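Worksheet: the structure to be examined is printed underneath.
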Amino acid sequence: MIDLKRVSKVFEGKRKATALENVDLQIPKGEVVSIVGPSGSGKSTLLNLIGGLDRPTAGEILIDNESLGELSDDELTRVRRDKIGFIFQFFNLLPTLNCLENVSLPLHLRKWPRRKIEDRAKELLNLVQLSHRLDHLPEELSGGERQRVAIARALSVYPPILLADEPTGNLDTRTGEEILRLIQDLHSKLGSTILIVTHDMGVAEQCARTVRLRDGRVVEDRSLSHRERVPEGRERAFKPSPGAARRALPKGEG
Amino acid sequence: MLLRLLSWPYLKKHILRWVLTVAGIVLGVAVFVAMHTANRSVHNAFDKTVQRIAGSTQLQVYAGEFGFEEFVLERVQNVPEVAVAVPVIEATVETGIPGQGTILILGIDMTGDRSLRDYELDSAEDSIIEDPLVFLAQPDSLLVTKEFAERNGFAVNTKIPLLTIKGEKQFTIRGIMSSKGMTQAFGGNLAIMDIYAVQQVLGRGPRFDRIDLKAKDGVSLADCRAAVQQALGPGFEVEPPSSRGQHFDALMGAYSTATSLTSLFALIVGMFIIYNSFSIAVTQRRSEIGILRALGATQTQIRRLFLMESAAAGMVGSALGVLAGVGMAFALSVYMGTLTEQVVGVAQRVDELALEPWLILAAVSIGVGTSVVAAWIPARSAARVNPIQALQKGKYQMLSAGESRRRRIAAFVLIAFSGVCLFFSTWKPAFYAGYVSVIMAGLLMTPTLSLVLAKALRPILRRAFPAEGTLAADSLIQSPRRTSATVAALMLSLAIVVGFGGFSDSIFDSLNEWIATALNPDFFVGPTANLTNRSTTFPAEVGKEIEAVDGVDMVQLVRDARVIYKGTPVLLVSVENEKLLAKVRRKPLAGDPEQIREMTSSGRGLIVSDGFSALQHVTVGDLVEIPTPSGMLKLTVAGVIRDYSDVQGAIFIDRSVYIKHWNDTTVNVARVYLKPGFDSEEVRKRITAKLEPNYRLLVFTNAQVRDYVLQLTDQWFSMTYNQIVVAVLVAVLGIVNTLTVSITDRRRELGVMQAVGGLRSQIRRTVWLEAISIGIIGLVLGMALGAVNLYYNLGMIKRDLGGLDLDYIYPVGFMTAMIPIILAAAFIAAVGPAESAVRGSLVESLEYE
Chain A
1 MIDLKRVSKV FEGKRKATAL ENVDLQIPKG EVVSIVGPSG SGKSTLLNLI
51 GGLDRPTAGE ILIDNESLGE LSDDELTRVR RDKIGFIFQF FNLLPTLNCL
101 ENVSLPLHLR KWPRRKIEDR AKELLNLVQL SHRLDHLPEE LSGGERQRVA
151 IARALSVYPP ILLADEPTGN LDTRTGEEIL RLIQDLHSKL GSTILIVTHD
201 MGVAEQCART VRLRDGRVVE DRSLSHRERV PEGRERAFKP SPGAARRALP
251 KGEG
Chain B
1001 MLLRLLSWPY LKKHILRWVL TVAGIVLGVA VFVAMHTANR SVHNAFDKTV
1051 QRIAGSTQLQ VYAGEFGFEE FVLERVQNVP EVAVAVPVIE ATVETGIPGQ
1101 GTILILGIDM TGDRSLRDYE LDSAEDSIIE DPLVFLAQPD SLLVTKEFAE
1151 RNGFAVNTKI PLLTIKGEKQ FTIRGIMSSK GMTQAFGGNL AIMDIYAVQQ
1201 VLGRGPRFDR IDLKAKDGVS LADCRAAVQQ ALGPGFEVEP PSSRGQHFDA
1251 LMGAYSTATS LTSLFALIVG MFIIYNSFSI AVTQRRSEIG ILRALGATQT
1301 QIRRLFLMES AAAGMVGSAL GVLAGVGMAF ALSVYMGTLT EQVVGVAQRV
1351 DELALEPWLI LAAVSIGVGT SVVAAWIPAR SAARVNPIQA LQKGKYQMLS
1401 AGESRRRRIA AFVLIAFSGV CLFFSTWKPA FYAGYVSVIM AGLLMTPTLS
1451 LVLAKALRPI LRRAFPAEGT LAADSLIQSP RRTSATVAAL MLSLAIVVGF
1501 GGFSDSIFDS LNEWIATALN PDFFVGPTAN LTNRSTTFPA EVGKEIEAVD
1551 GVDMVQLVRD ARVIYKGTPV LLVSVENEKL LAKVRRKPLA GDPEQIREMT
1601 SSGRGLIVSD GFSALQHVTV GDLVEIPTPS GMLKLTVAGV IRDYSDVQGA
1651 IFIDRSVYIK HWNDTTVNVA RVYLKPGFDS EEVRKRITAK LEPNYRLLVF
1701 TNAQVRDYVL QLTDQWFSMT YNQIVVAVLV AVLGIVNTLT VSITDRRREL
1751 GVMQAVGGLR SQIRRTVWLE AISIGIIGLV LGMALGAVNL YYNLGMIKRD
1801 LGGLDLDYIY PVGFMTAMIP IILAAAFIAA VGPAESAVRG SLVESLEYE
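Dropping the structure here:
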């Protein structure tokens, strides 16, 4: 599904800064991967490259066997809007749009019929348990609620890939756990491939696979079977669930 | 120190914004410098022509443009205090030389004139220099300037054609004057002729335009003047040559006021652009200000920082503005000079710019002053920034409810005040106070009204473009302050355009009506193509000749020219009253039609135009005193009519009264009416054929005169089109500025839009829609404020500029044409910012705060 071949990213400035160096990474469909590492290790850069928000300096990124490097900016945008959903640390909701409008935005950009957009947006907000907040503006919501709206927006077309950059980084512990449970719930229902960038080991431990970066290189790539320890009495959040993929998919587009 | 440390890096980072800010000042200062310099240049060109031609003349005897009989010269010469007195005729004549247009002919009496003027001949027939009588003996003699001769490759004895009343005649250059003094008058297009030859050329009869004189040694100018005045009576003006400049200024008054208003307007518009830039800079640098305040900077230091930045921008903008203004001034002054010659028929030619040092100083002071004043409020807001709030992340730019309420209250108070002023609008200060108040109220209400309109636009935009339209409208709703200064500038520009456009529509409407009712002859017969040039006349007998042509029903003879009424040159029109009233049926604005006929035909009364009535404050029953060569002519105003013959208004008297008091039977224009059933082109040919052997007279059809009048008026209103150019420039500058900031402010938002699947075309569309929305809001508010502005403009015109009482006609067609212009300007302004919105790094946009 996601295939990175010797991907490097160098930022040209007064001084050259290598954010990623020769990264090879394969992420199969439906897998949940956490990307961890200290600040400046290249985690967010990796996520941005996979999400098509940025382009690598060298190497190749394939999404469903389609090389992103050969695509124009608008083709890249089309890949992003059809296959990828983003969840940001600072939510990035548009402050002037209410919850329904924020969730509707990607669908409007895809020029869906109005009626269908409203149905889908309501369905998604129901999925993230915010059906009672449709008309509220972001500033009227708590941090957790804002992140739920952002998740609903990321899921607007039920993209096969969900990229989350520090999704709990701006939330308190309890709310962070709630959001994580929501993502876990969505994964079990939708079976999306999920990449979570985090520096919170608690979050990383919930994932089936953890990729550790340091100085732009992959220094560790551990799968569930290699995991040494899972806190007692605590269920792993994300399990491999290829079969679950579209079982619980709500009505509408997939 | 702070300026170098903080302002310089900000300037470098936001160079485009600074360019736009400075452009606002450049625009204001350039228009100010150009308009003022052009005005002064035209004035100076006239003055220079007068002074150069005057030579050592100390006083000039003048009795309006009609001139006076030759015997007056003898009377002046007999005044003991006068040393020298010589006659002069001064007129512009078409040259018939391709590309040379008109030439100023100075008719003088060579025998006495050289004691007043030095002709310094460069080359000439020797006999001319030695004996002026040789010059006199040859009536085809001309002296021309070196410039004129060189420009056309003429030498002594070259023959040149001049279009005289008797047809095209060849004149011989007998001498070429060196490039000194007098020769620079009228841009060098000057020729000296014997005065008696000029009388023939211009069809004047035995009359002079004026007498130039010098007092005897030891006699004071005041004594000499009093003695001459005593000898001639009150119908003559005895003034130094310089006073002609005042007459010129009086003629140009309305135009000068219009140009001053344009430059004032440009400065105000520039002020809004600066205000906008600084307001935005303050909001964007809020965290920087917060840090400075946290580090111990005082409010005064912060305020001073912004004021110094604005002063620096003002300095740079003013310097560039002066340069741009000077660049524009020459073209503008040549244009204004030509317009003046055509419209008011006053000879001058602009050949150099009158750039005064004080003007440069004033322009720089105004530029810097305007800049600092415009930045004052943003600087004060900057100083008041709360350091704690400033350092918190989050949205800014929101217009506080309290501030908005204060503005609204102030606006309502001003509207109420202007309403009260309306009741006392006959009192000048109340009228203008009301005008200023209502405009100020409009400006204060701009943020609130912009917000209301942006909210009204939201559902429409959303319906048309759900994502892009909503975001565009929200951007405006979110930041009314960012938008309102641009909207205010646009609104003000358009309001002024409505004012000018409405004035122009009203005057064209009234002109058409006037042409249809008053200018209704089938033909107009005149000596020159320029119908406002009244220096060439023809004998009254021509009228009889035309009347004898088969198909002609009636010929009305007209002699018109300017006389000095209370220091102002006004047009005096003598008409054959009974004949005129038989053909022209106009309802007078004041006075009983029967009484008007009786009083004017009997020579006891006169008619005045509405303009004259308003400017000179005279109405039916008042006594008007007109200076004539045979004394003061006192007539009662019998009626007031609507008339657009001249910007300073006109007086109408019966031709018999004119002949009696001026002892002049010559004619400027013959109005010709045809008998029904005759082919007008046929009759025209017959008239031309009849006149051709003896006179060079032009026969204009009614349609030609109508077009001529309308074209002239159109040229006079060319200022309106300058206003449109400025309005469009404002729209572009302001919108570019606002959008540039909007895109910076919304970088993250636009990044999110792209991240969740927005194509570049969709991002561009958002920016375009925002720009077009600003254009729409500006248009709506501008048209509304324009309706009010037009009301006051018409009042101002009636009261102080031309005295015309015009109907209120909202320029619907004009403003309909402005809609696509402004929207197109808005779109063009958005192209650059829209491109920059899609070009940046998406990752940086998402991290932008």
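Protein chains in written order, with my numbering: chain A, 1 to 254; chain B, 1001 to 1849. Virtual Cβ for every residue (Gly too), placed ideally from N, Cα, C. Just so you know, these numbers come straight off a predicted model, no measurement behind them.
CB of residue i within 8 Å of CB of residue j, strictly
| i | j | result |
| --- | --- | --- |
| Val-1573 (chain B) | Ala-1495 (chain B) | no |
| Leu-1846 (chain B) | Phe-88 (chain A) | yes |
| Ile-1108 (chain B) | Ile-1195 (chain B) | yes |
| Arg-120 (chain A) | Leu-100 (chain A) | no |
| Asn-1668 (chain B) | Arg-1562 (chain B) | no |
| Thr-1111 (chain B) | Asp-1212 (chain B) | no |
| Arg-1696 (chain B) | Leu-1163 (chain B) | yes |
| Ala-1324 (chain B) | Ser-1773 (chain B) | no |
Amino acids of chain A, ordered along the chain, whose beta-carbon sits closer than 9 Å to that of residue i
| i | result |
| --- | --- |
| Glu-1749 (chain B) | Asn-92, Leu-94, Pro-95 and Thr-96 |
| Asp-1474 (chain B) | Leu-94, Pro-95, Thr-96 and Leu-97 |
Exposure of residue i, with buried meaning 16 or more beta-carbon neighbours within 10 Å
| i | result |
| --- | --- |
| Gly-1402 (chain B) | Below a pLDDT of 50, predicted positions are generally treated as unreliable, and Gly-1402 (chain B), at 45, falls in that range; the measurement from the model is reported next regardless. The residue is exposed, with fewer than 16 neighbouring Cβ atoms inside 10 Å. |
| Val-1812 (chain B) | exposed |
| Tyr-1808 (chain B) | exposed |
| Gln-1246 (chain B) | exposed |
| Gly-1314 (chain B) | buried |
| Met-201 (chain A) | exposed |
| Phe-1700 (chain B) | buried |
| Trp-1768 (chain B) | buried |
| Pro-138 (chain A) | buried |
Euclidean distance between Cα positions of residue i and residue j
| i | j | result |
| --- | --- | --- |
| Tyr-1119 (chain B) | Ala-1197 (chain B) | 18 Å |
| Phe-1424 (chain B) | Leu-1794 (chain B) | 17 Å |
| Arg-246 (chain A) | Ser-192 (chain A) | Any reading at Arg-246 (chain A) needs caution, since the residue's pLDDT is 38, under 50, leaving its predicted position unreliable; the model's value is listed next. Those two C-alpha atoms are separated by around 9 Å. |
| Gln-1077 (chain B) | Val-1238 (chain B) | 14 Å |
| Ala-1582 (chain B) | Lys-1675 (chain B) | 14 Å |
| Leu-1519 (chain B) | Leu-1712 (chain B) | 15 Å |
| Lys-43 (chain A) | Cys-207 (chain A) | 16 Å |
| Arg-1481 (chain B) | Ala-1363 (chain B) | 29 Å |
| Leu-1355 (chain B) | Phe-1814 (chain B) | 36 Å |
| Lys-1660 (chain B) | Val-1780 (chain B) | 59 Å |
| Ser-1400 (chain B) | Tyr-1432 (chain B) | Any reading at Ser-1400 (chain B) must be qualified, since the residue scores a pLDDT of 43, below 50, and its modelled position is unreliable; the value itself is stated next. Cα-Cα distance, rounded: 32 Å. |
| Ser-1493 (chain B) | Asn-1789 (chain B) | 11 Å |
| Ser-1260 (chain B) | Ala-1467 (chain B) | 46 Å |
| Asp-185 (chain A) | His-199 (chain A) | 22 Å |
| Trp-1376 (chain B) | Thr-1744 (chain B) | 24 Å |
| His-226 (chain A) | Gly-1832 (chain B) | Interpretation of His-226 (chain A) is limited by its pLDDT of 44, a score under 50 that renders its predicted location unreliable; no figure is taken from the coordinates. |
Where the beta strand (DSSP E) through residue i begins and ends
| i | result |
| --- | --- |
| Lys-1634 (chain B) | 1631-1641 |
| Ala-1540 (chain B) | Taken as a continuous stretch (DSSP letters only), Ala-1540 (chain B) belongs to no beta strand (DSSP E), as it is neither H nor E. |
| Leu-4 (chain A) | 2-11 |
| Asn-22 (chain A) | 17-27 |
| Phe-1678 (chain B) | Looking at the DSSP string, Phe-1678 (chain B) is not in any beta strand (DSSP E), and its letter there is neither H nor E. |
| Asp-1646 (chain B) | First-last for Asp-1646 (chain B): undefined, no H or E at that position. |
Interface residues of chain A facing residue i [CB-CB closer than 8 Å]
| i | result |
| --- | --- |
| Ile-1477 (chain B) | Thr-96 |
Listed by chain order, chain A residues near residue i by CB distance under 7 Å
| i | result |
| --- | --- |
| Val-1752 (chain B) | Asn-92 and Leu-94 |
| Arg-1760 (chain B) | Asp-73 and Asp-74 |
Under 9 Å from the C-beta of residue i: neighbouring residues of chain B
| i | result |
| --- | --- |
| Arg-80 (chain A) | Gln-1754, Ala-1755, Val-1756 and Gly-1757 |
| Phe-88 (chain A) | Val-1752, Ala-1755 and Leu-1846 |
Residue i: contacting residues in chain B (beta-carbon distance under 7 Å)
| i | result |
| --- | --- |
| Asn-48 (chain A) | Val-1843 |
| His-108 (chain A) | Pro-1466 and Ala-1467 |
Chain-ordered neighbours of residue i on chain B, where CB pairs are closer than 8 Å
| i | result |
| --- | --- |
| Glu-101 (chain A) | Thr-1470 |
| Thr-77 (chain A) | Gln-1754, Gly-1757, Gly-1758, Leu-1759 and Arg-1760 |
Run of the alpha helix (DSSP H) containing residue i, from where it starts to where it stops
| i | result |
| --- | --- |
| Pro-106 (chain A) | 99-109 |
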